[in-house]
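Undergrad: First to last, the sequence lines map onto chains Y, X and D.
Going by UniProt numbering, the letters in the first sequence line up with residues 1 to 135, in that order.
Going by UniProt numbering, the letters in the second sequence line up with residues 1 to 390, in that order.
Going by UniProt numbering, the letters in the third sequence line up with residues 1 to 318, in that order.
Ideal Cβ placement from N, Cα and C applies to all residues, glycine included.
Keep in mind it's a predicted model, so treat the numbers as computed, not measured.
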Amino acid sequence: MRTLTEKDIESGTTLPPLRVDLSPTLVISTALATMDFTPVHHDVERARAQGSKDIFLNILTTMGLVERYVTDWAGPEALIRGINVRLGVPAYAGDAIVFSGTVVSREGAEVTVEVRGTVSLGDHATGTVRFCLPG
Amino acid sequence: MYSLSGRTAVAGIGATEFSKASGRTELQLAAEAVFAALDDAGLSPSEVDGLVTYTQDSNQEISVAREVGIGDLSFFSRVHYGGGAACGTVMHAAMAVATGAASTVVCYRAFNERSGRRFGQPDAGLGGEPSSQGMEMSWHVPYGLMTPAAWVAMFAQRYMHTYGASSEDFGRVAVAMRRHAATNPAAWFHGRPITLEQHQASKWIVEPLHLLDCCQESDGAVALVVTSAERARDLRRSPAIVSAAAQGSGAGQMMMTSFYRDDMSGLPEMGVVGRGLWEMSGLAPKDMQAAIIYDHFTPFVLSQLEELGFCGRGEAKDFIANGGIEIDGHLPVNPHGGQLGEAYIHGMNGIAEAVRQIRGTSVNQVGTVHNVLVTAGTGVPTSGLILSQD
Amino acid sequence: MTTTAESSLHELLTALGERQIAVGEVRGVAATDPVNLPMIHHWTDAMGDANPVYTDEDFARGSVHGEIVAPPAMIQVWTMPGLARAKGAASPMDDVLGALDENGFTGVVATNCEQTHHRYLRLGETLVPATRMTGMSGPKTTALGVGYFVTWVVTWYSGDEPVAEMMFRVLKFRPREKKSEPEARAPFPLRPAVNKDTAFFWDGVREGELRIQKCGDCGELRHPPGPVCPSCRSVNRTHIVAAGTGEVYSFVVHHNPPVPGIETPFAVAVIELPEGVRIVGNVVGCPLEKVGIGMQLRVTYREMDDELVLPMWVPRES
Numbered sequence: 001m002r003t004l005t006e007k008d009i010e011s012g013t014t015l016p017p018l019r020v021d022l023s024p025t026l027v028i029s030t031a032l033a034t035m036d037f038t039p040v041h042h043d044v045e046r047a048r049a050q051g052s053k054d055i056f057l058n059i060l061t062t063m064g065l066v067e068r069y070v071t072d073w074a075g076p077e078a079l080i081r082g083i084n085v086r087l088g089v090p091a092y093a094g095d096a097i098v099f100s101g102t103v104v105s106r107e108g109a110e111v112t113v114e115v116r117g118t119v120s121l122g123d124h125a126t127g128t129v130r131f132c133l134p135g
Numbered sequence: 001m002y003s004l005s006g007r008t009a010v011a012g013i014g015a016t017e018f019s020k021a022s023g024r025t026e027l028q029l030a031a032e033a034v035f036a037a038l039d040d041a042g043l044s045p046s047e048v049d050g051l052v053t054y055t056q057d058s059n060q061e062i063s064v065a066r067e068v069g070i071g072d073l074s075f076f077s078r079v080h081y082g083g084g085a086a087c088g089t090v091m092h093a094a095m096a097v098a099t100g101a102a103s104t105v106v107c108y109r110a111f112n113e114r115s116g117r118r119f120g121q122p123d124a125g126l127g128g129e130p131s132s133q134g135m136e137m138s139w140h141v142p143y144g145l146m147t148p149a150a151w152v153a154m155f156a157q158r159y160m161h162t163y164g165a166s167s168e169d170f171g172r173v174a175v176a177m178r179r180h181a182a183t184n185p186a187a188w189f190h191g192r193p194i195t196l197e198q199h200q201a202s203k204w205i206v207e208p209l210h211l212l213d214c215c216q217e218s219d220g221a222v223a224l225v226v227t228s229a230e231r232a233r234d235l236r237r238s239p240a241i242v243s244a245a246a247q248g249s250g251a252g253q254m255m256m257t258s259f260y261r262d263d264m265s266g267l268p269e270m271g272v273v274g275r276g277l278w279e280m281s282g283l284a285p286k287d288m289q290a291a292i293i294y295d296h297f298t299p300f301v302l303s304q305l306e307e308l309g310f311c312g313r314g315e316a317k318d319f320i321a322n323g324g325i326e327i328d329g330h331l332p333v334n335p336h337g338g339q340l341g342e343a344y345i346h347g348m349n350g351i352a353e354a355v356r357q358i359r360g361t362s363v364n365q366v367g368t369v370h371n372v373l374v375t376a377g378t379g380v381p382t383s384g385l386i387l388s389q390d
Numbered sequence: 001m002t003t004t005a006e007s008s009l010h011e012l013l014t015a016l017g018e019r020q021i022a023v024g025e026v027r028g029v030a031a032t033d034p035v036n037l038p039m040i041h042h043w044t045d046a047m048g049d050a051n052p053v054y055t056d057e058d059f060a061r062g063s064v065h066g067e068i069v070a071p072p073a074m075i076q077v078w079t080m081p082g083l084a085r086a087k088g089a090a091s092p093m094d095d096v097l098g099a100l101d102e103n104g105f106t107g108v109v110a111t112n113c114e115q116t117h118h119r120y121l122r123l124g125e126t127l128v129p130a131t132r133m134t135g136m137s138g139p140k141t142t143a144l145g146v147g148y149f150v151t152w153v154v155t156w157y158s159g160d161e162p163v164a165e166m167m168f169r170v171l172k173f174r175p176r177e178k179k180s181e182p183e184a185r186a187p188f189p190l191r192p193a194v195n196k197d198t199a200f201f202w203d204g205v206r207e208g209e210l211r212i213q214k215c216g217d218c219g220e221l222r223h224p225p226g227p228v229c230p231s232c233r234s235v236n237r238t239h240i241v242a243a244g245t246g247e248v249y250s251f252v253v254h255h256n257p258p259v260p261g262i263e264t265p266f267a268v269a270v271i272e273l274p275e276g277v278r279i280v281g282n283v284v285g286c287p288l289e290k291v292g293i294g295m296q297l298r299v300t301y302r303e304m305d306d307e308l309v310l311p312m313w314v315p316r317e318s
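As structure tokens, then:
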């Protein structure tokens with residue numbers, strides 16, 4: 001389990017895509033693991049009553065998945081400095097989210113990656129993750 | 001290289017009356033104009049083997065052929081892009097005759113544009129069509145930019161900004177056209193000239209265009225007979241030789257909404273037509289004794305004079321202010337009164353006037369006309385002609 | 001937003017927002033539990049995050065951290081109230097969000113979440129959150145309905161040391177009427193045709209983005225869009241989101257004849273964008289005589305009916 005170095009990364013480098021199937025189990029277990037007990041994240045009936053078509057991913061999980069997407073690629077010792085996410089369409093249970101990313105800048109050890117998480121309805125999350133390479 | 005120049009001629013012209021309510025179908029108007037043109041040429045319907053019209057015309061070639069008694073047709077075609085088709089119909093006819101695809105071709109345009117479907121009225125369906133033109137319109141129609149006046153006004157505003165032209169400069173075109181129409185009994189505005197003050201006081205249609213910057217809406221039909229120059233010499237009328245015919249479309253061209261190319265103060269498609277006409281005819285602007293300049297809206301008369309080389313860029317306002325387009329001017333433009341004064345028959349009535357000027361039979365004859373240039377609809381892919389004395 | 005009642009409501013909400021911004025940072029209730037391995041483990045399992053610095057003591061000891069650290073994105077988890085929902089200290093957001101609810105802006109959707117992490121957290125640290133409101137803007141017409149954007153920042157302290165910050169923005173909106181209700185709006189009559197080549201643009205408008213087609217190969221920007229790049233023949237299409245500003249290149253004021261669905265007179269402009277393309281749109285929100293070539297604009301979005309959102313342009317200073 002290697003952490004990337006400055007040699008491995010340059011502006012324009014693309015990250016391998018990551019697909020995460022949004023099973024009801026995933027939506028609910030992540031909501032609970034983030035201590036978010038809002039019914040729309042675990043109770044289908046209540047979610048539908050509010051006009052949603054199903055339970056959907058909570059924001060704390062979106063942030064967690066975006067972070068995971070980048071560190072899965074950059075390696076365990078990449079030091080996360082910032083995660084900026086613009087939220088789009090909901091990520092419903094039963095859908096899948098596909099992350100893609102591109103390095104938009106690397107200045108010394110500091111790297112900025114543009115990340116996009118897309119579901120069948122469109123962009124669920126778009127934004128940037130900043131991290132530093134160790135050493 | 002094989003050239004179309006001089007091989008064909010317009011041998012007959014015909015028209016209905018120009019009105020606001022013809023009281024008859026568009027097919028009847030078409031048939032009447034075709035009969036009139038054939039009678040003018042001294043030909044019978046059975047001698048016609050080709051028909052050309054606009055894609056926008058509602059009368060099929062075969063319907064017109066049935067009404068008029070034309071038998072076998074060996075050539076029929078249609079030209080697209082609204083009024084930009086006008087001179088294109090003669091070009092297609094001339095090409096057919098010159099290549100032997102047909103011997104005698106009639107071009108026609110017939111509509112009840114005032115009492116029937118009016119082009120100037122907003123049509124909410126324009127943007128909804130799943131065609132490439134519908135897609136173009138979809139960038140404009142939702143914002144209410146959906147009438148020809150509005151599309152032209154967008155260019156006019158930029159033209160005014162670029163060259164310092166004013167609404168009065170456009171108004172002088174309208175005043176000249178109405179002055180010409182005033183002495184043309186066939187014109188709707190016969191006997192009704194206007195002043196620049198009236199132009200300025202007329203209501204806004206789409207700023208910067210006043211009502212009197214816009215051509216009228218008309219019911220009527222015009223037909224033209226095209227045959228070989230050789231044959232035309234044996235017919236009743238002196239031929240109007242087709243010295244040049246050209247179509248033109250520019251880079252980034254759209255239907256009336258070419259707002260996305262570098263410059264919005266010219267009409268590159270008319271530049272294409274102009275270069276084609278001068279090259280094919282071997283003539284130059286100074287060789288023209290008159291011009292029929294498509295005048296659905298006044299501002300594009302200025303741009304056309306510039307694109308065709310009658311004056312420099314931005315100089316048309318001075319050319320016009322100095323009386324340049326009057327009947328006794330440097331370049332008499334639209335002696336019949338144009339579409340602002342005579343009638344809006346989608347440019348076909350202008351071609352008929354050009355033929356009369358060559359024959360020397362116009363009510364507003366400008367003297368001896370050896371060569372006359374004619375243009376078609378602007379803001380769209382367009383066309384042009386140079387007709388000459390034999 | 002034209003009636004007197006609406007404008008006095010706007011003043012009231014704006015004043016309340018300004019007051020709460022002036023209050024500054026308000027400390028909240030400390031985390032129930034310190035940063036701990038079981039909660040981290042639970043979180044990494046659910047997220048599918050296998051990074052060993054969070055859970056593998058041996059690996060962590062040999063890493064840059066020298067010990068187990070918490071995932072940065074977990075920052076907010078530590079101070080979530082949990083199911084018991086003990087009523088904590090008041091937040092400066094309570095009054096503002098409450099006032100918006102009371103005035104019918106009952107819908108809520110998060111639009112932005114931006115975290116800054118100053119350092120990684122170690123096991124045993126106890127965090128205290130502090131919240132300050134930083135902004136409120138509106139009323140704005142969005143695809144969801146008319147609403148206000150409200151922004152706040154939470155800073156987490158370990159002792160006196162700020163360890164992380166999070167900017168959070170929500171849209172509080174008046175939910176649109178359901179289509180089945182009798183008040184459902186008549187469809188706007190001037191609809192664009194939309195196909196595979198242009199859907200991205202109209203999807204973007206619904207999400208409050210002005211999208212410009214960008215060739216996926218040569219990078220050329222193009223508007224109006226089309227299926228094939230005229231520069232390099234590529235059909236690999238992407239798009240960028242325009243900055244949303246522009247300048248009037250030309251314009252008209254339409255008076256006659258009447259146009260369905262739009263009250264005359266109205267202004268339409270060809271707008272040059274800083275990205276280098278032009279687009280056509282209405283100029284709204286200013287007297288028509290103020291519209292002129294060179295005028296600086298910014299985009300906004302207007303809901304025309306239950307389905308159609310159009311980009312509109314307003315003077316940039318407003």
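What residue does the alpha helix (DSSP H) around P162(D) start on, and which one ends it?
TA: Translated into positions along the third sequence, residue 162(D) becomes position 162. Careful: P162(D) lies outside any alpha helix (DSSP H), inside the beta strand (DSSP E) at E161 to F173.
Undergrad: Buried or exposed for P239(X), please, with buried defined as at least 16 other CB atoms from any protein chain shown within 10 angstroms of its CB.
TA: By one-based count along the second sequence, residue 239(X) stands at place 239. Buried is the call here.
Undergrad: Report buried or exposed for K196(D), applying the criterion of at least 16 other Cβ atoms within 10 angstroms of its Cβ.
TA: If you number the third sequence from 1, residue 196(D) lands on position 196. By the neighbour-count rule (16 or more Cβ atoms within 10 Å), K196(D) is not buried but exposed.
Undergrad: The alpha helix (DSSP H) that contains M177(X), what's its start and end?
TA: On the second sequence, position 177 is the one that residue 177(X) refers to. Per DSSP, M177(X) is one residue of the alpha helix (DSSP H) stretching across S167 to A182.
Undergrad: Indicate the three-state DSSP secondary structure (helix, strand or coil) for N256(D) in the structure shown.
TA: Stepping through the third sequence from its first residue, residue 256(D) is reached at position 256. In this structure, N256(D) counts as coil in the three-state DSSP scheme.
Undergrad: Given that a residue counts as buried once 16 or more other Cβ atoms are within 10 Å of its Cβ, and exposed if not, what is Y108(X)?
TA: Numbered from 1 along the second sequence, position 108 holds the residue referred to as residue 108(X). Its Cβ being crowded by 16 or more others within 10 Å, Y108(X) is buried.
Undergrad: Is E207(X) close to chain D? Criterion is C-beta to C-beta, closer than 7 Å.
TA: Taking the second sequence and counting its residues from 1, one reaches residue 207(X) at position 207. Judged by the 7 Å Cβ criterion, E207(X) is in contact with chain D.
Undergrad: Are any of the Cβ atoms in chain D nearer than 7 Å to that of A165(X)?
TA: By one-based count along the second sequence, residue 165(X) stands at place 165. With 7 Å as the cut-off, A165(X) does not count as an interface residue toward chain D.
Undergrad: Check whether the stretch 53-67 of chain Y touches the stretch 16-36 of chain Y, counting contact only when three or more Cβ pairs, one atom from each stretch, lie closer than 8 Å.
TA: yes
Undergrad: Within a Cβ cutoff of 7 Å, which residues of the same chain sit near E307(X), ignoring the five residues on either side of it in sequence?
TA: Locating residue 307(X) in the second sequence gives position 307, counting from the first residue. Same-chain partners within the cutoff: G266, L267, M270, G271 and G274.
Undergrad: Just to confirm my understanding: we take G71(X), look at its own chain, exclude 5 residues before and 5 after, and list those with CB closer than 7 Å. What are they?
TA: Against the second sequence, residue 71(X) aligns to sequence position 71. Excluding positions up to five away in sequence, the list reads S46.
Undergrad: So, is the C-beta of T116(D) closer than 7 Å to a C-beta in chain Y?
TA: Counting from one through the third sequence, the residue named residue 116(D) turns up at place 116. T116(D) counts as touching chain Y.
Undergrad: Taking the alpha-carbon of M1(X) as reference, which of E279(X), M135(X), S22(X) and A343(X) has the nearest alpha-carbon?
TA: For this step, residue 1(X) is matched to residue 1 along the second sequence. M1(X) has its Cα closest to that of E279(X), out of E279(X), M135(X), S22(X) and A343(X).
Undergrad: At a cut of 8 Å, does the stretch 171-180 of chain X reach the stretch 319-326 of chain X through at least three beta carbon pairs?
TA: yes
Undergrad: In chain D, which residues lie less than 8 Å from H161(X) when you measure between Cβ atoms?
TA: By 1-based counting over the second sequence, the position of residue 161(X) is 161. Ordered by position in chain D, the residues that pass the 8 Å Cβ test against H161(X) are S250 and I293.
Undergrad: Comparing alpha-carbon positions, which option in D262(X), A187(X) and H296(X) lies nearest G252(X)?
TA: One-based indexing of the second sequence puts residue 252(X) at position 252. The alpha carbon of G252(X) has as its nearest neighbour, out of D262(X), A187(X) and H296(X), the alpha carbon of D262(X).
Undergrad: Compare the C-beta of T102(Y) with all C-beta atoms of chain D and state if any pair is closer than 7 Å.
TA: Reading the first sequence from its first residue, position 102 is the one you call residue 102(Y). So no, T102(Y) is outside the interface.
Undergrad: Using a beta-carbon distance below 7 Å, is D305(D) in contact with chain Y?
TA: Position 305 of the third sequence, counted from the first residue, corresponds to residue 305(D). With 7 Å as the cut-off, D305(D) does not count as an interface residue toward chain Y.
Undergrad: Let me know the secondary structure DSSP gives W43(D) once reduced to three states.
TA: In the third sequence, residue 43(D) corresponds to position 43, counting from 1. W43(D): helix per DSSP, three-state reduction.
Undergrad: Would DSSP call T5(Y) helix, strand or coil?
TA: For the purposes of this step, residue 5(Y) is taken as residue 5 along the first sequence, with counting starting at 1. In the structure shown, T5(Y) sits in coil (DSSP, three-state: anything other than H, G, I, E or B).
Undergrad: Check for me: the beta strand (DSSP E) holding Y54(X) runs from which residue to which?
TA: Your numbering for residue 54(X) matches position 54 in the second sequence. Y54(X) -> beta strand (DSSP E) spans G50 to Y54.
Undergrad: What does A22(D) reach in chain Y if we use C-beta pairs closer than 9 Å?
TA: Within the third sequence, residue 22(D) is the residue found at index 22, counting from 1. Correct list: empty, because the minimum Cβ distance to chain Y is about 27 Å.
Undergrad: Apply the 10 Å Cβ neighbour rule to residue 350(D) and answer buried if 16 or more other Cβ atoms are within range, or exposed otherwise.
TA: Since the first residue of chain D shown is 1 and the last is 318, residue 350(D) is not available in this structure.
Undergrad: Give a yes or no on contact between the stretch 113-127 of chain X and the stretch 13-28 of chain X, applying the rule of three or more CB pairs nearer than 8 Å.
TA: yes
Undergrad: How would you list, in chain order, the residues of chain X whose beta-carbon sits under 8 Å from the beta-carbon of T198(D)?
TA: By 1-based counting over the third sequence, the position of residue 198(D) is 198. Under the 8 Å cutoff, chain X gives M135 and S138.
Undergrad: On the DSSP bridge assignment, give the partners of I279(D) in chain order.
TA: On the third sequence, residue 279(D) is found 279 positions in, with the first residue counted as 1. DSSP output for I279(D) lists I271(D) as bridge partner(s).
Undergrad: Please return the same chain residues whose Cβ sits closer than 6 Å to the Cβ of P182(D), not counting the five positions on each side in sequence.
TA: Taking the third sequence and counting its residues from 1, one reaches residue 182(D) at position 182. Model confidence at P182(D) stands at a pLDDT of 47, short of 50, so the residue's coordinates are unreliable and nothing is read from them.
Undergrad: Compare the C-beta of A124(X) with all C-beta atoms of chain D and state if any pair is closer than 7 Å.
TA: Working through the second sequence from its first residue, we reach residue 124(X) at position 124. A124(X) counts as touching chain D.
Undergrad: What three-state label does DSSP hand F75(X) in the structure shown?
TA: Taking the first residue of the second sequence as 1, we reach residue 75(X) at position 75. Of the three classes helix, strand and coil, the one that applies to F75(X) here is strand, per DSSP.
Undergrad: Taking only three categories from DSSP, how would you classify D295(X)?
TA: Within the second sequence, the letter at position 295 stands for residue 295(X). DSSP places D295(X) in coil when its eight states are reduced to three.
Undergrad: Could you give the uninterrupted runs of the beta strand (DSSP E) lying entirely in the UniProt domain "FAS1-like dehydratase" (31-166) of chain D, keeping only those of 3 residues or more?
TA: 107-117, 127-141 and 146-158
Undergrad: Using a Cβ-Cβ cutoff of 9 Å, what residues of the stretch 36-60 of chain Y are near chain D? List them in chain order.
TA: D36, F37, G51, I59 and L60
Undergrad: My parser needs the alpha helix (DSSP H) runs of 4 or more residues fully inside the stretch 224-248 of chain X; what are they?
TA: 229-232
Undergrad: Between which two residues does the beta strand (DSSP E) holding K214(D) run?
TA: Sequence index remark: in the third sequence, residue 214(D) carries index 214 (1-based). In the DSSP annotation of this structure, the continuous segment of the beta strand (DSSP E) that includes K214(D) starts and ends at R211 to C215.
Undergrad: Going by C-alpha distance, which of G101(Y), V129(Y), V89(Y) and A109(Y) is nearest R19(Y)?
TA: Indexing the first sequence from 1 puts residue 19(Y) at position 19. Distances from the alpha-carbon of R19(Y) to those of G101(Y), V129(Y), V89(Y) and A109(Y) put G101(Y) closest.
Undergrad: Give a yes or no on whether the minimum CB-CB distance between Y301(D) and chain Y is below 7 Å.
TA: Within the third sequence, numbered from 1, the residue matching residue 301(D) stands at position 301. Judged by the 7 Å Cβ criterion, Y301(D) is not in contact with chain Y.
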